[in-house]
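Protein chains: 2
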Amino acid sequence: MDRIDSVSNDRIKLAVKVATSSKHRRQTGLFFLEGLRLCRDAALTGYEIECSFVTENALEKALEDIEVILSASNRSFIVSTAVAEKITQAQTPQGVFCLCKKREIKHEFDFSGKYIALENIQDPSNFGAICRTAEALGIKGAITCGCCDIYNPKTQRAAMGSALRLPVIETADLKSTLLELSERGMELYATTPRSDADKITGICFDGGAVAVIGNEGNGVSDEIFSLCRKITIPMGGRAESLNASMAAAITMWEMMRNG
Amino acid sequence: MDRIDSVSNDRIKLAVKVATSSKHRRQTGLFFLEGLRLCRDAALTGYEIECSFVTENALEKALEDIEVILSASNRSFIVSTAVAEKITQAQTPQGVFCLCKKREIKHEFDFSGKYIALENIQDPSNFGAICRTAEALGIKGAITCGCCDIYNPKTQRAAMGSALRLPVIETADLKSTLLELSERGMELYATTPRSDADKITGICFDGGAVAVIGNEGNGVSDEIFSLCRKITIPMGGRAESLNASMAAAITMWEMMRNG
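Which chain is which? The protein sequence lines are E and S, in order. So the first sequence is numbered by numbering that gives the first Met the number 0: it starts at 0 and just counts up by one. So the second sequence is numbered by numbering that gives the first Met the number 0: it starts at 0 and just counts up by one.
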């Protein structure tokens, strides 16, 4: 393994750009992951790792796990502590980083399965947390439109590896995608805090279904709202207080709990 | 209103210490809030504001809301942009800050109500998110033991004001607190990913109940676990992937959904 000791090395500069700019992620087709667990998850999920960077310290501590990462990497480098501090996006760098190649998602919809659709979710932590919960609960995939970048390191961190495994199907035209799924027999639901919507506890989610979660501030757009059955999470407390990822968690749970 | 233009002003130094150190929060009995909404929530919830700081820019933009804060404040200062940048804990400061006095919680337990107990929750964002969801769902209060500081600005931000309103009852001896509540007829539950626990969907939460959520890494401690009926969230996907705040949300939702 070659060494990189200089923070102005070209590959280090590339790593920082890919980590911090979605434009660079689009241009290069790469994304940045950090931490033993996430990098290992990428390797185990079959992502091609263009380049991995590890500190000597990390190598000593976790050789076995790191070998999994190295063997999935086209190139690997030992980096100095100064370089690790340059490229880290975390407060306490673990000394394990990689640049992975994005891959195309080819998802065959399961028309009898449950999906979550995310419209304009803007907070990377919310986006990641929703992916994590979706995977945990056995949701088949997330359909996204206008959301923040799934490859943002914050999204990936909040998703704890699930964003690498869960099918995340991006669409520029959510309306058409939903209408197609509806034609294939899937029910469409939109969540809202409005109390005139149907209570989610009264819904029988027994077939294929998609539940749409809207933007953190504005909720589901009118265009999408009009296509869907409106459902609400009845609350004993202050309705305004339910965060998008929590609303998504309870919605997905209700879809799955009797399924 | 007096002006503070110097970042080395004593009150500004105090604000930074209170914002960044739980030791200083304990010593002074103060805590730090930031942002129009949170500071306004503190004023409306009846907290005594020792000192508020606003920029001229913020004052122009939101005079009406800021007046609510100023009238609950013992002292108020206009601060320069440089001072606001010094004290902010956010990436984009809103220019509204305050130092509030902590107040003692005198909570009369409702023995037929639903409570969440948090044992050693260490992540401020999780802690705050759980408070927010608890309030939204109508949970009566949170019993906490060994958790991170509720007055950490990150906790308060994630709670979006709910940590100011929800009764948060801190105990140094969770076992005794739970046993007392059990003697008063409340059911005790501990959540676990273990599949030999009772499925939460099979539990009838019709009386008073406390559900314990454990530490992010280690779950509920053995001592507390042994006092409680063990319940689990059945998952179709990867059980390890459910984050503490999401597990808490689904648990609280199940406690309340038929209540």
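Heads up, the beta-carbon is just placed ideally off N, CA and C, and yes, glycines get one too. Quantities reported herein were computed from a predicted structural model and do not represent experimental measurements.
Cβ neighbour criterion (16 or more within 10 Å) applied to residue i
i, result
"residue 190 (chain S)", "buried"
"residue 136 (chain E)", "buried"
"residue 73 (chain S)", "exposed"
"residue 175 (chain S)", "exposed"
"residue 119 (chain E)", "buried"
"residue 22 (chain E)", "exposed"
"residue 24 (chain E)", "buried"
"residue 134 (chain S)", "buried"
"residue 186 (chain E)", "buried"
"residue 102 (chain E)", "exposed"
"residue 182 (chain S)", "exposed"
"residue 228 (chain S)", "exposed"
"residue 201 (chain S)", "exposed"
"residue 99 (chain E)", "buried"
"residue 171 (chain E)", "exposed"
"residue 89 (chain E)", "exposed"
"residue 205 (chain E)", "exposed"
"residue 104 (chain E)", "exposed"
Nearest-angstrom Cβ-Cβ length linking residue i and residue j, presumed shorter than 8 Å
i, j, result
"residue 87 (chain E)", "residue 33 (chain E)", "6 Å"
"residue 125 (chain E)", "residue 215 (chain E)", "7 Å"
"residue 159 (chain E)", "residue 244 (chain S)", "Not a contact, Cβ separation roughly 13 Å."
"residue 121 (chain E)", "residue 147 (chain E)", "5 Å"
"residue 52 (chain S)", "residue 76 (chain S)", "5 Å"
"residue 249 (chain S)", "residue 232 (chain S)", "5 Å"
Alpha-carbon spacing of residue i relative to residue j, whole angstroms
i, j, result
"residue 60 (chain E)", "residue 94 (chain E)", "10 Å"
"residue 212 (chain S)", "residue 14 (chain S)", "33 Å"
"residue 224 (chain S)", "residue 242 (chain S)", "19 Å"
"residue 106 (chain S)", "residue 29 (chain S)", "21 Å"
"residue 91 (chain E)", "residue 177 (chain S)", "36 Å"
"residue 81 (chain E)", "residue 8 (chain E)", "12 Å"
"residue 259 (chain S)", "residue 117 (chain E)", "The requested residue 259 (chain S) is not part of the displayed model; chain S covers only 0 to 258."
"residue 114 (chain E)", "residue 184 (chain E)", "13 Å"
"residue 4 (chain E)", "residue 12 (chain E)", "13 Å"
"residue 332 (chain E)", "residue 62 (chain E)", "The structure shown does not extend to residue 332 (chain E), since chain E is modelled only from 0 to 258, so the question has no answer here."
"residue 65 (chain E)", "residue 1 (chain E)", "16 Å"
"residue 220 (chain S)", "residue 226 (chain E)", "47 Å"
"residue 68 (chain E)", "residue 37 (chain E)", "10 Å"
"residue 207 (chain S)", "residue 112 (chain S)", "5 Å"
"residue 210 (chain S)", "residue 188 (chain S)", "5 Å"
"residue 84 (chain E)", "residue 96 (chain E)", "11 Å"
"residue 247 (chain E)", "residue 253 (chain E)", "10 Å"
"residue 79 (chain E)", "residue 10 (chain E)", "14 Å"
"residue 173 (chain S)", "residue 71 (chain E)", "47 Å"
"residue 162 (chain S)", "residue 218 (chain E)", "24 Å"
"residue 58 (chain S)", "residue 237 (chain E)", "28 Å"
"residue 27 (chain E)", "residue 123 (chain E)", "21 Å"
"residue 6 (chain S)", "residue 16 (chain S)", "13 Å"
"residue 199 (chain E)", "residue 251 (chain S)", "16 Å"
"residue 256 (chain S)", "residue 234 (chain S)", "18 Å"
"residue 40 (chain S)", "residue 180 (chain S)", "31 Å"
"residue 157 (chain S)", "residue 31 (chain S)", "14 Å"
"residue 35 (chain S)", "residue 149 (chain E)", "30 Å"
"residue 110 (chain S)", "residue 222 (chain E)", "46 Å"
"residue 56 (chain S)", "residue 203 (chain S)", "53 Å"
Touching by the beta-carbon criterion (3+ pairs, under 8 Å), the segment 37-45 of chain E and the segment 119-133 of chain E: no
Inside the segment 42-128 of chain S only - alpha helix (DSSP H) runs reaching at least 4 residues: Along the segment 42-128 of chain S, the alpha helix (DSSP H) occurs as fully enclosed runs of 4 or more residues at 55-60, 62-70, 80-86, listed in sequence order.
Within the segment 142-170 of chain S, ranges of the beta strand (DSSP E) (whole runs, at least 3 residues): As far as the segment 142-170 of chain S is concerned, its whole beta strand (DSSP E) runs of at least 3 residues are 167-169.
The segment 161-175 of chain S / the segment 138-153 of chain S touching (three or more Cβ pairs under 8 Å): Output reads yes: the segment 138-153 of chain S touches the segment 161-175 of chain S.
Any 3 or more C-beta pairs closer than 8 Å across the segment 146-160 of chain E and the segment 181-196 of chain E: no
Segments of 3+ residues assigned as beta strand (DSSP E) that fall wholly inside the segment 169-230 of chain E: 186-190, 208-212
Ordered list of alpha helix (DSSP H) runs contained in the segment 15-43 of chain E, each at least 4 residues: 21-27, 35-43
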